[in-house]
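Residue numbers (my numbering): 0 to 233. Just so it is clear, CB atoms sit at the ideal spot from N, CA and C, and this is done for glycine as well. What follows is a short report on a single structure.
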């Protein structure tokens, strides 16, 4: 699976959250992931429509990554949508070039998650506020993925930021990013790929093996619980 991450931010070089995410997939580069910062690609705002459409055709998962300003995207990404997602390409007669692809959002917001609900400061859920993008996916016959929303990045602890990093890389690379089993397999794969000798922790290989064993034990318990629930429903 090839993933295209379309980043939009008017001052991306100055954004702590965007630089954190970008560096996590460029140093070292993630395989099968293309990073595309449109403000850097088109500083004059003159979008190469054919080039952008070819990029879309060349990838299987299309992700918009941007700060959620006034319940929408930065202006260049909106311009990009207007100019690139044209009739006969993305929709309409023979406009099926995006059919079957996946579409998702990676949003950074400056307000706490609890405020995005009825009675909260914002008054609406994130699912409600992203309806236009859900409609975009439906119009272009793409499968809409549950968004990855990063709340108040600047206030996160280092551990919380690392958790965001893991979720981000999984969102970009996992075939089923919402699946608990897929996420567990991803973690096991990453742990198995670690060069133990480079770790400063004594007996690092033993510790990592214990973590993998714990993940597998928990998976067995969850599978057994699901089986009992299914039997109960039967």
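| task | Starting from residue 137, trace the alpha helix (DSSP H) both ways and give me its first and last residue. | result | Where residue 137 is concerned, the enclosing alpha helix (DSSP H) stretches over 130-138.
| Where residue 207 sits in the DSSP three-state scheme | Its pLDDT being 43, under 50, residue 207 is placed unreliably in this model, and the coordinates cannot settle the point.
| Whole-number beta carbon distance between residue 111 and residue 70, since they are thought to touch under 8 Å | Contact flag wrong, Cβ pair sits at about 16 Å.
| query | For residue 17, which of helix, strand or coil comes out of DSSP? | reply | For residue 17, the secondary structure class from DSSP, reduced to helix, strand or coil, is helix.
| field | Beta-carbon gap between residue 143 and residue 102 smaller than 8 Å | value | The criterion of a C-beta distance shorter than 8 Å is satisfied by residue 143 and residue 102.
| Collapsed DSSP secondary structure at residue 144 in the structure displayed | Secondary structure at residue 144: coil, using DSSP grouped into helix, strand and coil.
| task | Hey, could you find the ends of the beta strand (DSSP E) residue 2 is sitting in? | result | Run containing residue 2: 2-6, per the beta strand (DSSP E) assignment.
| request: Please report the residue range of the alpha helix (DSSP H) in which residue 78 lies. | output: Counting along the chain, residue 78 sits inside the alpha helix (DSSP H) bounded by residues 74-83.
| Quick check: the region 56-75 against the region 1-12, are there 3 or more CB pairs under 8 Å? | Segments in contact, yes.
| query | Exposed or buried, which one is residue 141 when buried takes at least 16 other CB atoms within 10 Å? | reply | Within 10 angstroms of the beta-carbon of residue 141 lie 16 or more other beta-carbons, which makes it buried.
| message | On the DSSP letters alone, give me the boundaries of the beta strand (DSSP E) that residue 46 sits inside. | response | Segment: none, residue 46 is in no beta strand (DSSP E) and carries neither H nor E.
| field | Burial state of residue 66 (16 or more Cβ within 10 Å) | value | Residue 66 comes out buried.
| request: Alpha carbon to alpha carbon, how far is residue 21 from residue 34? Give it in angstroms, no decimals. | output: Whole-angstrom Cα-Cα distance: 8 Å.
| Shortest alpha-carbon distance to residue 173 belongs to which of 108, 59 and 90? | Here the closest residue by C-alpha is 59.
| Cβ pair count under 8 Å reaching 3, the region 91-107 against the region 122-142 | Contact between the region 91-107 and the region 122-142 is present: three or more C-beta pairs spanning the two stretches fall below 8 Å.
| query | How should residue 51 be labelled, buried or exposed, when 16 other C-beta atoms within 10 angstroms of its C-beta is the threshold for buried? | reply | Buried, because 16 or more other Cβ atoms sit within 10 Å of the Cβ of residue 51.
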